[in-house]
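Chemist: Sending over a structure as structure tokens; questions will come in a sec.
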Amino acid sequence: MDPNKEIENIGQLAGDSETEESVSVDDFIKQLEAKEKDLHITSETSIIEIEESFDDGNLPDFVLEDLQIEVKIPAPTAAAAQAKSRDRNPVGTGLEKELHGLKEQVSQIQAERDELLQASQRRTRDFERFKSRTERERRETFQNQIGNLATKMLPALDNLNRAVDFALAMSDEKRTGIQPFIDGVVLVSQQVNDVLYEMGVQPIATVGEAFDPHFHEAVATEESDDLDPNVISAELLRGYRIGDRVIRHSMVRVTTPRLSARNDDENQSPDPQPEMPPDLESDGEMPAES
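Residue numbers for the sequence shown follow the numbering used here, so the first one is 27 and each next one is one higher.
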């Protein structure tokens, strides 16, 4: 036999066999795909069946040893978790920044409001103090003006009062011819007193009242048994006041106890005499000094 021919025959047989094998493998794959379509088998179904059919009880020892080793994974820190959440949610990060900015604005507005409230309260208190001070000064100024006016009018009013007192002291016969004139003087005096009273000017009470140096000026004294001591018995010049402010002190006469009453009081309470020792009372002589 020719060896070259035999080699060619062997190559042809091998090529034929490879062709047959490739054809048979392709046919086999096609048959499997057709069966999977008939059975409705998918990739997910295959995975589930594989997981369900997996039995971890028959694992080798070296696999079980690897599974029993605890793998320690470090826990993520708060900053890392926050950074990770920010990376995952950029919209939430923007909202947080906006919320933080709004909170700062609210705090600033509240601080400004508190400052404005305190300033307003201070201005209100200052205004109230200014108002009370202005009102007090206005009253004092008004009283000073009224006092000055009354001081200038008092001499004329005193003369009218003296004329009225003199007319009342006259006898009826003498008063008959000048009665209309006296009535006019009395009317003018009454009108002036009414005007002063409306302005707050009032006469100071005198007769029968206890002497008060704040309102009265004693220019004379009078012994009296009818009135208690230090009581006003007569008014020599009428005084006037506005509230507690005295425009003019009243000139008055004050009562004092009689001299006889004072002597009786002194006699009723004599000074005690010193007692003498018993030996001096018996002998009547002073003991000699040794």
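All residues carry an ideal CB built from backbone N, CA and C; glycine is no exception.
#1: When burial is assigned at 16 or more other CB atoms within 10 Å of the CB, is residue 242 buried or exposed?
#2: In the structure shown, what three-state DSSP assignment does residue 231 receive?
#3: In the DSSP assignment, what residue or residues form a beta bridge with residue 261?
#4: Along the beta strand (DSSP E) that carries residue 267, what are the first and last residues, could you check?
#5: Under 8 angstroms by Cβ, that's how I've got residue 274 and residue 180 pegged, so tell me the actual separation to the nearest angstrom.
#6: With DSSP run on the structure shown, which of helix, strand or coil describes residue 202?
#7: Would you mind working out which of 259, 264 and 248 sits nearest residue 284, comparing C-alpha positions?
#8: Rounding to the nearest angstrom, what Cα-Cα distance links residue 167 and residue 177 in this structure?
#9: Taking residue 173 as the reference, which of 199, 282, 278 and 272 has the closest Cα?
#10: Could you check the C-alpha separation between residue 218 and residue 282 for me, to the nearest Å?
#11: In angstroms with no decimal places, state the Cα-to-Cα distance between residue 216 and residue 222.
#12: Please classify residue 242: does DSSP put it in a helix, a strand, or coil?
#13: I need the DSSP call for residue 148, collapsed to helix, strand or coil.
Modeler: Result, derived from the coordinates:
#1: buried
#2: The three-state reading of DSSP puts residue 231 in coil, since its state is none of H, G, I, E or B.
#3: 278
#4: Residue 267 -> beta strand (DSSP E) spans 266 to 268.
#5: 6 angstroms
#6: coil
#7: Closest option to residue 284, Cα to Cα, is 248.
#8: Straight-line spacing of the CA atoms in residue 167 and residue 177 works out to 15 angstroms.
#9: 272
#10: CA-to-CA, the gap between residue 218 and residue 282 works out to about 35 angstroms.
#11: 10 angstroms
#12: DSSP, reduced to helix, strand and coil, places residue 242 within a strand of the structure shown.
#13: helix
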